[in-house]
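Single-structure report; data block below.
Residue numbers (the UniProt record's numbering): 1 to 316.
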């Protein structure tokens, strides 16, 4: 089966599965360094076929991105066609295993094999599990509520205000607390110098237009939310079928204030800000195995869009 036929059939099938998926998604970050040349893997199984673009990318340990991935990440971008896509994905995974055995450092925890799959396209999930992959990170989507005009529902005792430079220590503490929690589920890696990296990142954000807010519960700062407005979220906009995309970077609530309404108040405020900026949809990343973030975000109107299956180390 020719490559253009696989591309067209895959795009048609995926957009039927989920109307918010673009025909040609781009899930690659701009600030990662590609290692070596991409390799195209193709398979044919009866009347079905598949192609996978195998790439390797790396980030330095002192980069803020290193907190969110292994230092070396091997990815496979899949396209499937034909009446037996499960057989095609199984054959692709087998071929990729051979490729990884030749290029990945064995038993190195700083390597990861990653496959991004449309969350509603569940074909091949069992095969991924059989190859040792787990669904680790999700991109969730929330369409804007264009009919909502009264603003977010208020929570008694909670005041939300723009973050100021004097809030930097509080914001750093909350962000690090969130990253330590998510590290349990493979979403983050706590690096040496994490506090310094987070401090510089948040300091830079506080120096621009307001995109970070603090929640005070009866006068005590116990939560924060960070967003990227549509003009800033271009890096992720190509993974969803929408013209203007807002991104919710992080939401953190101090442990003593959880289940108090602080998180919901912050989420409602972020949604209002993004909608007023013209966002058609909001996106965020979250740890799929987290017993807190997954139910919380889906209660706020989000639903799965992309699932990142990961195996770390890439080759055992």
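For every residue, glycine included, the Cβ atom is placed at its ideal position computed from N, Cα and C.
First through last residue of the beta strand (DSSP E) which encompasses residue 307: 303 to 311
Residue 1 vs residue 44 beta-carbon contact at 8 Å: yes
Contact belief for residue 117 with residue 294 at Cβ below 8 Å, rounded distance in angstroms: Not really, about 17 Å apart at Cβ, beyond 8 Å.
Sub-8 Å separation of residue 85 and residue 119 beta-carbons: no
Whole-angstrom distance between residue 287 and residue 148, CA atom to CA atom: Residue placement at residue 148 is poorly supported in this model, since its pLDDT is 46, which falls under 50; the coordinates still yield a value, given next. Taking the straight line from one Cα to the other gives about 29 Å.
Beta carbon proximity, residue 298 to chain D, threshold 8 Å: Checking the listed chains, one finds no chain D in this structure; it contains a single protein chain.
Straight-line Cα distance separating residue 248 from residue 255: 20 Å
Under the three-state DSSP convention, the category residue 6 falls into: helix
Length of the line joining the Cα atoms of residue 114 and residue 74: 6 Å
Neighbourhood of residue 178 by C-beta distance below 7 Å, restricted to the same chain and skipping five residues each side: 250 and 252
Contact check, residue 278 vs residue 244, beta carbons under 8 Å: yes
First and last residue of the uninterrupted beta strand (DSSP E) at residue 254: No beta strand (DSSP E) contains residue 254, which DSSP labels as neither H nor E.
Rounded distance between the beta-carbons of residue 135 and residue 309, thought under 8 Å: 6 Å
Simplified DSSP state of residue 89, which is helix, strand or coil: helix
Cα-Cα separation between residue 318 and residue 258, rounded to whole angstroms: Nothing can be reported for residue 318: it is not among the residues displayed for the chain, which extend from 1 to 316.
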